[in-house]
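The letter at position 207 of the sequence shown is residue 220 when you use my numbering, and the numbering goes up by one with no holes. Reviewing the structure listed below.
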Amino acid sequence: MLFPIISRHDMSECTFRNPTNPPGVSAPEVIRLIHRLDTIDRRVRRRVEQQLAKFGDNAVPALCDELDNANAVVREGAVNTLGLIGEPAMDLLIPMLRSDLIRVRYRAAQALGKIGDGKAVPELCRLLDDPDWDVRARVVEALVNIGDRSAVPMLEQKAQEHRWSEYGTYYRSLAKVIAHNASQAGNVRNMPVAAPPPIPEKESLPRPAKGQ
14 MLFPIISRHD MSECTFRNPT NPPGVSAPEV IRLIHRLDTI DRRVRRRVEQ QLAKFGDNAV
74 PALCDELDNA NAVVREGAVN TLGLIGEPAM DLLIPMLRSD LIRVRYRAAQ ALGKIGDGKA
134 VPELCRLLDD PDWDVRARVV EALVNIGDRS AVPMLEQKAQ EHRWSEYGTY YRSLAKVIAH
194 NASQAGNVRN MPVAAPPPIP EKESLPRPAK GQ
């Protein structure tokens, strides 16, 4: 099942986050760099994303305008840049987890994992049922990187839902890893964190039977 595109209207609150940049108004340099995101050269795109991220909050309104760009490459570049900007972009990235494009969900999860804010955990956990294996793998990586204990009960619930499949065992093990790592946070001895278990191989995600 694919999710609907997040429309520009759904992002209306985001465009007012920075009072010095009204909706649709950004420095010419930001607009110029955004246009340069439209390239098949990944190395060029990465450099442009890094340059855009240096504008911080000042780039957010223009990047918000690109989240529903018809060009998937530009939209993906906007998501990546918002991830580099960090916490100020959280309110934009979380809705992008509901994009109909696999690679946008993938990149949004990746960016949120880099930011490391526990506010993203509930929506990330919802994507544990994503139909795409690569998105699920990126969500797991993000949850481990964030290391927020709030993910544990959600993972235990997923383990119960999929208790008749290998995913049930997997989610239960993942919950234990995150709980362990959260308990080590701030440990003065810098104890190594536990690695997540390998995600089951690429296959159709099993769905719980009715009544389970």
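Just so it is clear, CB atoms sit at the ideal spot from N, CA and C, and this is done for glycine as well. Predicted model, so just to flag it, every value in this text is computed and none were measured.
Option nearest residue 154 by Cα separation, candidates 76, 127, 144 and 112 = 127
Take the Cβ of residue 123 as the centre, count every other Cβ of all protein chains shown within 10 Å, and call the residue buried at 16 or more, exposed below.
-> buried
Through-space distance from residue 174 to residue 64, alpha-carbon basis | 44 angstroms
CA nearest to the CA of residue 69, picked from 50, 172 and 96 | 96
Mind checking which residues open and close the alpha helix (DSSP H) that includes residue 127?
-> 115-128
For residue 211, which of helix, strand or coil comes out of DSSP?
-> coil
Mark residue 8 as exposed unless 16 or more other C-beta atoms lie within 10 angstroms of its C-beta, in which case mark it buried.
-> For the chain, the structure presents residues 14 to 225; residue 8 sits outside this window and is missing.
Inter-residue spacing [alpha-carbon to alpha-carbon] between residue 190 and residue 158 | 11 angstroms
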